[in-house]
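**Student:** Dropping a structure here in structure tokens format, bear with me for questions.
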């Protein structure tokens, strides 16, 4: 494993446990197996580490919103399945995003906010292609409801996840909700 990856993984665990502001550079270094000051050979500081974690996740999530099938229903399904799987596999990272995105500072904040806007626009385009009769406000609301439900997994208690195929459950809940928007 690369040293950068070790630092990022250690930071993700620390930020999840203690929050961004509850962890110092010395602790991040120690968790990654190096001294705090040597961390600066890899990253400019905690701000860049947080930005890198969030941007890595955003890279994967944005790439999953690209239509590949030429069929709006299949493209939306693919994006939903990917996002549900991502949220289930990376619950701690999604939780960090939801709690700590406000801790980003410029220049990372400005760049990340622009990317987040592009990400939302891609989701809205998927929904608009799938449900062409809906207006912009409905599409925007549907997008936020869907993403909110998917990413709420990061706060679900363990008992709600044990012994359940959470990916299938969440997909079924979402897709049956979409049925009400099907043309009559």
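Numbering (the working numbering), first residue to last: 3 to 186. All residues carry an ideal CB built from backbone N, CA and C; glycine is no exception. It should be emphasised that the depicted structure is a prediction, and the values quoted were computed from it without experimental measurement.
Shortest alpha-carbon distance to residue 149 belongs to which of 82, 46, 57?
**Tutor:** Residue numbering aside, residue 149 sits at position 147 when the chain shown is read from its first letter. Selected option, being the one with the closest Cα: 82.
**Student:** Taking its Cβ as the centre, do 16 or more other Cβ atoms sit within 10 Å of residue 112, making it buried, or is it exposed?
**Tutor:** Taking the chain shown and counting its residues from 1, one reaches residue 112 at position 110. Result: exposed.
**Student:** With distances taken from CA atoms, which of 158, 13, 132 is nearest residue 79?
**Tutor:** Translated into positions along the chain shown, residue 79 becomes position 77. For the residues 158, 13, 132, the minimum Cα distance to residue 79 belongs to 132.
**Student:** Can you tell me the Cα-Cα spacing of residue 18 and residue 127, whole angstroms?
**Tutor:** Residue mapping note: residue 18 aligns to position 16 of the chain shown, counting from 1. Residue mapping note: residue 127 aligns to position 125 of the chain shown, counting from 1. Computed Cα separation, rounded: 32 Å.
**Student:** Quick one: any contact between the segment 65-77 and the segment 34-48, if contact means 3 or more CB pairs under 8 Å?
**Tutor:** As far as the Cβ criterion goes, the segment 65-77 does not touch the segment 34-48, which means the pair count is below three.
**Student:** For residue 77, tell me which candidate among 153, 124, 9 has the shortest Cα-Cα distance.
**Tutor:** Counting from 1 along the chain shown, the entry for residue 77 is found at position 75. It is 124.
**Student:** Let me know if residue 20 comes out buried or exposed under the rule of 16 or more other beta-carbons within 10 Å of its beta-carbon.
**Tutor:** Looking up residue 20 in the chain shown gives position 18. Classification for residue 20: exposed.
**Student:** Less than 8 Å between the beta carbons of residue 16 and residue 25, yes or no?
**Tutor:** To locate residue 16, count along the chain shown from 1; it is residue 14. To locate residue 25, count along the chain shown from 1; it is residue 23. Taking 8 Å as the Cβ cut-off, residue 16 and residue 25 qualify as a contacting pair.
**Student:** Identify whether residue 67 lies in helix, strand or coil by the three-state DSSP scheme.
**Tutor:** What you label residue 67 is simply residue 65 of the chain shown in a count that begins at 1. Coil, per DSSP.
**Student:** Between which two residues does the alpha helix (DSSP H) harbouring residue 87 extend?
**Tutor:** Locating residue 87 in the chain shown gives position 85, counting from the first residue. Where residue 87 is concerned, the enclosing alpha helix (DSSP H) stretches over 74-91.
**Student:** List the whole-angstrom C-beta distance separating residue 59 from residue 99, where the pair is believed to meet the contact cut-off of C-beta under 8 Å.
**Tutor:** On the chain shown, position 57 is the one that residue 59 refers to. On the chain shown, position 97 is the one that residue 99 refers to. Rounded, the Cβ-Cβ distance is 7 Å, consistent with contact.
**Student:** Taking C-alpha atoms, which residue in 136, 107, 151 lies nearest to residue 54?
**Tutor:** Taking the first residue of the chain shown as position 1, residue 54 is located at position 52. The shortest C-alpha separation from residue 54 is found at 107.
**Student:** Could you tell me the alpha carbon to alpha carbon distance between residue 90 and residue 155, rounded to whole angstroms?
**Tutor:** Here residue 90 refers to the residue found at position 88 of the chain shown. Here residue 155 refers to the residue found at position 153 of the chain shown. The straight-line gap from Cα to Cα measures roughly 7 Å.
**Student:** Verify whether the separation of the beta carbon atoms of residue 85 and residue 63 is less than 8 Å.
**Tutor:** Counting from one through the chain shown, the residue named residue 85 turns up at place 83. Counting from one through the chain shown, the residue named residue 63 turns up at place 61. Taking 8 Å as the Cβ cut-off, residue 85 and residue 63 qualify as a contacting pair.
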